[in-house]
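Colleague:
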Amino acid sequence: MKSVMGIFQTKKSLKILFVATEAAPFVKVGGLGSVIYSLPRALRELGHDARVIIPKYLSVDENIYKLKLDFKGLEVPTGNENEPAHLVCNVKRYDPKKKDTDPVTTYFLENQEYYEQRANVYGYADDAVRWALLCRGALEFVRLHSNWTPDVVVSSDWQTGLVANFLKTVYKNDPVLSKIASVLTIHNLYFQAMFDHKFVSEMDFDDGHSSIPGFNSPRLEHLNGMRRGIIYSDVINTVSPTYAKEIMTEEYGELLDDLLRERRAVLSGILNGIDYDLWNPEIDANIESTYDSKHLDLRCKNRTALQERFRLPIDKNAFIVSIVGRLTKQKGLDLLLHVMETLLNELPIQLIVVGEGEFMGFFHDLESKYPEKVATHLKFDNVLPHLVFAGVDAVLVPSQFEPCGLVQMEAMRMGAIPIVRKTGGLADSVEDYNPNKETGTGFTFERFDSSSLMISFVRAFENFRDKKDWRALQKRAMAADFSWISSAKKYIALFQRAVEIHNRY
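Numbering (this note's numbering), first residue to last: 964 to 1468.
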């Protein structure tokens, strides 16, 4: 990779198109929306022309975002044996203003039936058609849009996995599209299609090599978009280096590990970044008191405000720990079933839980039993975590698997120390504390069991009592570089590699 980076320095700037199902600020359901917001902006800051295309959903408010009609009557081939042979779409464009903080041109694929009449982004019975239309519609727009042709098109997860499939088959001889390199970014391998990939009959199994069926074919909904993206993309990346290695094993490979091992030469991992403007304790308007790593004494005001907000005792000696995000089994929260009460009974800790998911009942019961030690906010909230991370001593992320994870990076940026399982992006972003070498940014454990979690938790508590060492640990955590600029530099090398590989064939 080093040689690729070296070669790239003399190369021209790239034109990059991200084909995605969501992109902040227009529409955001999960972490993908944040990535498609931040990464193109960082790429543009580094001198590259990154653009985005997403569907124009009902929730995209043209009263807020002034869109221009860029292409009227785009006829997208359906591949149907019968009518309709095409679905007609429009393409609208959001152009950034000269002094806009959103410098990325964003295109919107407009179709009344499949996008504009839908209140939600995901979860429809005809999602297979909706995403196939997005993939082919984006490519048809590029093919006919002579003013701008990307060097690279980037897909994300199974929903847009057919982009590379279309490029390498339907459009392999097209004078415009055949020149475009393709990249698949895997944000979570577990989700591969509309169906559960672990329960597929032999008749419905998709090996990824058959032709793409027409939009009105029942076979379309049986395609494994993730598998096809992996097969046909020029290069593939995950959202952390460790996750890229893990998914080539049977444990993490979700039945695609054989295929991923076959394509390991073009598989790599790049850790996601976080928005340094959004997560900045020096200017954050969502916290009680701003501070920086040189003035961590000011952070105690946030600690007190947090205890007051959650009606916990104002205890300066309590070890305040938070759990923030989806409260699901994937996040490893079943490990807490066996040890959380022991920790609450044995240690002077306060636990703050913010999020929703299948473990809400467990934490609600804990709060009822330990009202002086446990407090919850059991619903999604994207503002409250700012005060939480600015006030707690540690965050707990014991994930079973974690493609990247943002909580640990956001917390570290705010001076909260992560206690994490060493997997995926958690392994890449948190260095285990070594008191002898005075290194590390958090506390990690490897085995996925309750005992390992407890040992790591107690280690963190014991070190918390040494205020001098804890302060040094906080400073190292806050100094870790998780900026999108850092990630974008690695993506540039990845995209250049995709172009070079594509041009060989």
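Note that the Cβ used here is the ideal one computed from N, Cα and C, for glycine as well.
Could you give the DSSP three-state label for D1012: helix, strand or coil?
Modeller: strand
Colleague: Look at H950 and I1250 and say whether their C-beta atoms are less than 7 Å apart.
Modeller: The first residue shown for the chain is 964 and the last is 1468, placing residue 950 beyond what the model contains.
Colleague: G1100 by DSSP, collapsed to three states: which one?
Modeller: helix
Colleague: Could you check if K1342 is buried or exposed, using at least 16 other CB atoms within 10 Å of its CB as the buried criterion?
Modeller: exposed
Colleague: If you count every other CB in all the chains shown that lies within 10 Å of the CB of T1305, and 16 or more means buried, which is it?
Modeller: Answer is exposed; the Cβ neighbour count stays below 16.
Colleague: Based on Cα-Cα distance, which residue from Y1000, E1008 and Y1085 lies nearest to L1021?
Modeller: Y1085
Colleague: Could you have a look at G1192 and say whether DSSP puts it in helix, strand or coil?
Modeller: helix
Colleague: Quick one: what does DSSP say T1305 is sitting in, helix, strand or coil?
Modeller: helix
Colleague: Taking just the CA atoms, how far does L1130 sit from L1222?
Modeller: Each residue's Cα considered, the two are about 20 Å apart.
Colleague: Using the beta-carbon count (16 or more within 10 Å), is S1308 buried or exposed?
Modeller: Going by the sequence as given, residue 1308 is Asn instead of Ser. With fewer than 16 other Cβ atoms within 10 Å, it is exposed.
Colleague: What are the partner residues of G1318, as DSSP defines its beta bridges?
Modeller: G1288
Colleague: In chain order, what are the residue ranges of uninterrupted beta strand (DSSP E) at least 3 long that sit wholly in the segment 977-1039?
Modeller: With a minimum length of 3 residues, the continuous beta strand (DSSP E) runs that stay inside the segment 977-1039 are 978-982 and 1012-1018.
Colleague: Go ahead and label A1101 buried or exposed: buried means 16 or more other beta carbons lie within 10 angstroms of its beta carbon, across all protein chains shown.
Modeller: buried
Colleague: For K965, does the count of other Cβ atoms within 10 angstroms reach 16, so buried, or fall short, so exposed?
Modeller: No answer about K965 holds up, because its pLDDT of 40 lies below 50 and its placement is not dependable.
Colleague: If you pair each beta-carbon of the segment 1355-1366 with each one of the segment 1376-1384, do three or more pairs fall below 8 Å?
Modeller: yes
Colleague: Out of P1003, W1447 and R1460, which has the shortest C-alpha to C-alpha gap to I1237?
Modeller: W1447
Colleague: According to DSSP, is F1427 part of a helix, a strand, or is it coil?
Modeller: Helix, per DSSP.
Colleague: Sorted by chain position, which residues of the same chain lie with C-beta nearer than 6 Å to I970's C-beta, five sequence neighbours on each side aside?
Modeller: With a pLDDT of 40 at I970, under the threshold of 50, the modelled position of this residue cannot be trusted; read the value that follows with caution. None.
Colleague: So is M1377 in contact with chain D if we call contact Cβ pairs under 7 Å?
Modeller: Absent from the structure: chain D. Only one protein chain is present.
Colleague: Specify the secondary structure class of L1300 as computed by DSSP and reduced to three states.
Modeller: helix
Colleague: Mind listing, in chain order, the continuous alpha helix (DSSP H) runs of no fewer than 4 residues lying wholly within the segment 1226-1284?
Modeller: If only complete runs of 4 or more residues are kept, the segment 1226-1284 shows the alpha helix (DSSP H) at 1263-1272, in order along the chain.
Colleague: Less than 7 Å between C-beta atoms, sequence neighbours within five positions excluded: which residues of the same chain meet that for Q972?
Modeller: In this prediction, Q972 scores a pLDDT of 43, lower than 50, which makes its location untrustworthy; no coordinate-derived value is stated.
Colleague: Could you say if the segment 1092-1106 and the segment 1422-1429 meet the contact criterion of at least three C-beta pairs nearer than 8 Å?
Modeller: Per the Cβ contact rule, the segment 1092-1106 is not in contact with the segment 1422-1429 (fewer than 3 Cβ pairs under 8 Å).
Colleague: Quick check on this structure: which residue in D1170, N1136 and W1121 has the alpha carbon closest to the alpha carbon of D1151?
Modeller: A quick correction: the sequence has Asn, not Asp, at residue 1151. Residue W1121 is the option with its Cα nearest to N1151.
Colleague: Using the C-alpha atoms, what's the distance from D1278 back to F1162?
Modeller: 51 Å
Colleague: Would A1144 pass as a contact of V1126 if the rule is Cβ separation under 7 Å?
Modeller: no
Colleague: Round the Cβ separation of L1296 and L1290 to the nearest angstrom and send it over; I've been treating them as touching at under 8 Å.
Modeller: 6 Å
Colleague: Identify the continuous alpha helix (DSSP H) that holds T1041 and give its terminal residues.
Modeller: No alpha helix (DSSP H) holds T1041; DSSP gives it neither H nor E.
Colleague: Starting from K1400, trace the alpha helix (DSSP H) both ways and give me its first and last residue.
Modeller: Taken as a continuous stretch (DSSP letters only), K1400 belongs to no alpha helix (DSSP H), as it is neither H nor E.
Colleague: Tell me whether the segment 1036-1046 and the segment 996-1016 touch, counting them as touching only if at least three CB pairs, one residue from each stretch, are closer than 8 Å.
Modeller: no
Colleague: Using a 10 Å radius around the Cβ and a threshold of 16 neighbouring Cβ atoms, would you call A1005 buried or exposed?
Modeller: buried
Colleague: Pull up the DSSP beta-bridge partners for R1056, would you.
Modeller: K1031 and Y1070
Colleague: Here's the rule I'm using: 16 or more other beta-carbon atoms within 10 Å means buried, otherwise exposed. How should K1019 be labelled?
Modeller: buried
Colleague: With DSSP as the reference, please indicate the residues paired to T1205 in a beta bridge.
Modeller: For T1205, which the question treats as bridged, DSSP gives no partner whatsoever.
Colleague: Between P1204 and the rest of its own chain, which residues show a CB-CB distance below 8 Å, the 5 nearest in sequence each way excluded?
Modeller: Counting only Cβ-Cβ distances below 8 Å, and skipping sequence neighbours, we find S1231, G1232, I1233, L1234 and D1391.
Colleague: Indicate whether N1200 and T1123 have their beta-carbon atoms separated by less than 7 Å.
Modeller: No, these two residues do not count as a Cβ contact at 7 Å.
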